[in-house]
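What follows is one structure encoded as structure tokens, with my remarks underneath.
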Amino acid sequence: MKALADHGELGAILPADGGDCEQVLAQFAKAGIDVNALAAQLQDEGAKSFVNSWNDLMAVITSKSASLKQAAAG
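Start counting at 1 in the sequence shown, then tack on 29, and there's your number in my numbering.
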């Protein structure tokens, strides 16, 4: 997030109604892309990525907690 704050630029936010998403998805379908399969794949990959990040975070917290307990006991 710090890198984004330092160097990133955000574009306009998506409109609540989805903007031109129906047209874009229709163009994907016209190009031969299975939009439903793509959506399922993106959801699956996103969920797996979140779980991996969560597990990494929990491991770091566990490790830091153990280090702090050792330091307090020593």
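All C-beta atoms, glycine included, are put in the ideal place defined by N, C-alpha and C.
For clarity, every value in this text was computed on a predicted model and none was experimentally measured.
Handout entry: Beta-carbon proximity of Phe57 to Leu43, cut-off 9 Å
Key = On the sequence shown, residue 57 is found 28 positions in, with the first residue counted as 1. On the sequence shown, residue 43 is found 14 positions in, with the first residue counted as 1. Contact flag unset, no.
Handout entry: Contact set for Glu74: own chain, Cβ-Cβ below 7 Å, skip 5 residues either direction
Key = Taking the first residue of the sequence shown as 1, we reach residue 74 at position 45. Closer than 7 Å at Cβ, skipping near neighbours: no residue.
Problem - Distance, Ser78 Cα to Asn84 Cα - result: Position 55 of the sequence shown holds residue 84. Position 49 of the sequence shown holds residue 78. So the alpha carbons of these two residues sit roughly 10 Å apart.
Handout entry: As assigned by DSSP and simplified to three states, the class of Ala45
Key = As a first step, residue 45 is located in the sequence shown; it is residue number 16 there, counting from the start. In this structure, Ala45 counts as coil in the three-state DSSP scheme.
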